[in-house]
Amino acid sequence: MAHIAIIGGGPAGYVAATAAVQSGSQVTLIEEKDLGGTCLNVGCVPTKALLESAEKVKKASTFGIELPDGQTVINWENVQGRKGQIVKQLVGGIGYLMKKNKITVKKGSASFLNSHSILIRNGGEKETLQADKFIIASGSEPVQLAHVAFHEGTVAALRVYIAGNSLSWLNRIAGACAIWRRYPDWRVFVCGEWKSADHR
Ligand SMILES: Cc1cc2nc3c(=O)[nH]c(=O)nc-3n(C[C@H](O)[C@H](O)[C@H](O)COP(=O)(O)OP(=O)(O)OC[C@H]3O[C@@H](n4cnc5c(N)ncnc54)[C@H](O)[C@@H]3O)c2cc1C
């Protein structure tokens, strides 16, 4: 049985892991942060959870609920708490999926030693792992361009907004522009409204 090691436990990594197991391989998945990667932890899922909170405020009047300016109290801690619960539940689901498929999950940062082995560093601990094949599913990081430094208005700073404790971000997110949803129905969320992909 071939042993496949997958570096990165985001949507690419965990889907590859289940597919590899189902095609008869032994699989080890290495993740340095949290299973679910960017999408579940700081990307797709938390943004949509925050958007839903923002939408409730934005559309309250269509349900006959008036939220006058200056009198509406939004408990940001609870908004973040709800988001955190959703993320926790989905990340837990990925852990369960790995276990159910008998995928070995190792916590740590992987780097190649040669074409058949990687070093996994987890704090002070080091482990060498050998495999027949490797899948690099380590995602991507935004690159700060010269003269275009990251600032509060950039997508790169979204991680700060999403975990942030400032209510003003709820307004920013509520007024944000396109958030793409690529799966499963190719619709797109544009400034508070779902549209078909034709509107691109
Ligand atoms: C704010 C935001 C909103 C988004 N919203 C949407 C959306 O609505 N719809 C949509 O389709 N997409 C959305 N995306 C994009 C989506 O998050 C990415 O396309 C997706 O996460 C990419 O998956 P991936 O597995 O390739 O990488 P990632 O999800 O980034 O996963 C890579 C994983 O590899 C790990 N890793 C990296 N290097 C190592 C190493 N050396 N050793 C061990 N582990 C390592 C990382 O810790 C990470 O967990 C959004 C992204 C952001 C930032």
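So for the sequence shown, the numbering used here puts the first residue at 1; every next one is plus one. Every residue, glycine too, gets a C-beta built ideally from N, C-alpha and C. Note that this is a predicted model, so its numbers are computed, not measured.
Annotated three-state conformation of T128 is strand, per DSSP. Taking C-beta separations shorter than 7 Å and ignoring five residues to either side along the sequence, the partners of I86 in its chain run V45, A49, following chain order. K106 is bridged by DSSP to I30. Contact holds between the region 36-43 and the region 88-103, because three or more Cβ pairs, one in each stretch, are under 8 Å apart. Nearest to G9 by alpha-carbon distance, out of G123, S25, V105, is V105. Here the C-alpha atom of G13 lies approximately 35 Å from the C-alpha atom of N75. Considered as a whole, the region 65-103 harbours 76-100 as its complete alpha helix (DSSP H) runs of no fewer than 4 residues, in chain order. With a cutoff of 7 Å, I30 counts as near ligand 1, since its C-beta is closer than that to a heavy atom of the ligand.
Around the beta carbon of V27, a 10 Å sphere encloses 16 or more other beta carbons of the protein chains shown; the residue is thus reported as buried.
Taking 8 Å as the cut-off, the beta carbon of A2 is found no closer than this to the beta carbon of M98.
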